[in-house]
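Below: one structure, written as structure tokens.
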Amino acid sequence: MTATARSPIILYDIPSNTELNAWSINMWKTRLLLNLKGLPYRTEWVSYPDIEPTFEKLGIKHTSLKSDGRPHFTCPAIIDPITPEPTKISDSTAIALYLEDTYPDVGPQVFPGDTKDAQLEFIEIIHSKIFSPISSLQVASLPAILDPPGSEYIYRTRTASRGKPLDTVCEAGSEERRLAWEELKHGLHVVAETFDKNIEGKGEYFIGTAITYVDIFLAATCIWTRMPSDRDRDVGVNSVWEGIAKLDGGRWAQFMEKFEDLLQVK
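In the working numbering, the protein residues as written are 26 to 291.
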């Protein structure tokens, strides 16, 4: 048995007050893939502090260990109601590989041929080049889009991990913010250089002429940057995304156009 409209895959996501509710890079990786493949699913919303008890109760495994050795539970996670037992998976990459293997004939393949290793390797490069500066640029804006329990959780935990009050990270007009933007611009340049090597796809895709998982990863990253921010108004933008969209002659805004029909929250 596979997922159906009457018995869909369940996607666990973290709610927000943004237009689409869904906002996080990791959850959008899974959501975009589900939408691209046309797999039936529905969303269960779980606030940050409720993730651990909810997943423990459901039997969804942790994705890593905390510094004190306790299990660390994260979204996204899915439960696929296939028989004889439902499949429960967390971590966006693990979910992508599972969906590709379990539903190879449903929708397009995002790891076509023998491209999986090359894609996962380049995703590590993208992550190393642009994740950190984006996180620094917008982490202080995150509590404002979450529900009260999630907002308190993020402020407390990110203050601890950053070693200073969260609202003082990458403040408007600061040298820290300028350097983060420079790092992000350089990282996107590295990504663009690799895409430009795909002559067949005219630089619009990582490989070939269709969306693969690298493209989904990059699109999810761009969606993540759409949360409102008042820290770059000196350059006339109201989110990190508005700044990215102006770079490289509008290249990244054009890249995102192919994902507009996939920005569905079910």
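Beta carbons are placed, not taken as given, at the ideal position from N, Cα and C, and that holds for glycine.
What does DSSP give as the partner residues of histidine 97 in its beta bridges? Ser89
Count the other CB atoms within 10 Å of the CB of glycine 198; is the residue buried (16 or more) or exposed (fewer)? exposed
Distance check for valine 290 and alanine 235, CA to CA, integer angstroms please. 22 Å
According to DSSP, isoleucine 103 sits in a beta bridge with which residue or residues? Leu36 and Ile114
In angstroms with no decimal places, state the Cα-to-Cα distance between phenylalanine 136 and tyrosine 238. 7 Å
Pick from Arg183, Asn263, Thr79 and Ser161 that is closest to alanine 205, judged by C-alpha positions: Ser161
Any beta carbon from chain B within less than 7 Å of leucine 57's own beta carbon? The structure shown has no chain B; it contains just one protein chain.
Return yes when the Cβ of tyrosine 73 is within less than 7 Å of the Cβ of tyrosine 230, no when it is not. Annotated as distal: tyrosine 230 and tyrosine 73, with beta-carbon spacing of 7 Å or more.
Taking 7 Å as the cut-off, decide whether the C-beta atoms of leucine 213 and proline 158 are in contact. no
Give me the Cβ distance between tryptophan 249 and tryptophan 53, rounded to the nearest whole Å; I'm assuming they're in contact under 8 Å. 7 Å
Would you be able to state if there are at least three C-beta pairs under 8 Å between the region 127-135 and the region 62-69? yes
Smallest Cα separation from asparagine 51: which of Gly84, Glu218 and Thr246? Thr246
Just to confirm, are alanine 140 and aspartate 116 a CB contact at a threshold of 7 Å? Alanine is not the amino acid found at residue 140; the sequence shown has threonine there. For threonine 140 and aspartate 116, no; Cβs fall outside 7 Å.
Reducing DSSP to helix, strand and coil, say where leucine 266 ends up. In the sequence under discussion, the amino acid at residue 266 is tryptophan, which differs from the leucine named in the question. DSSP places tryptophan 266 in helix when its eight states are reduced to three.
Length of the line joining the Cα atoms of arginine 181 and tyrosine 37: 23 Å
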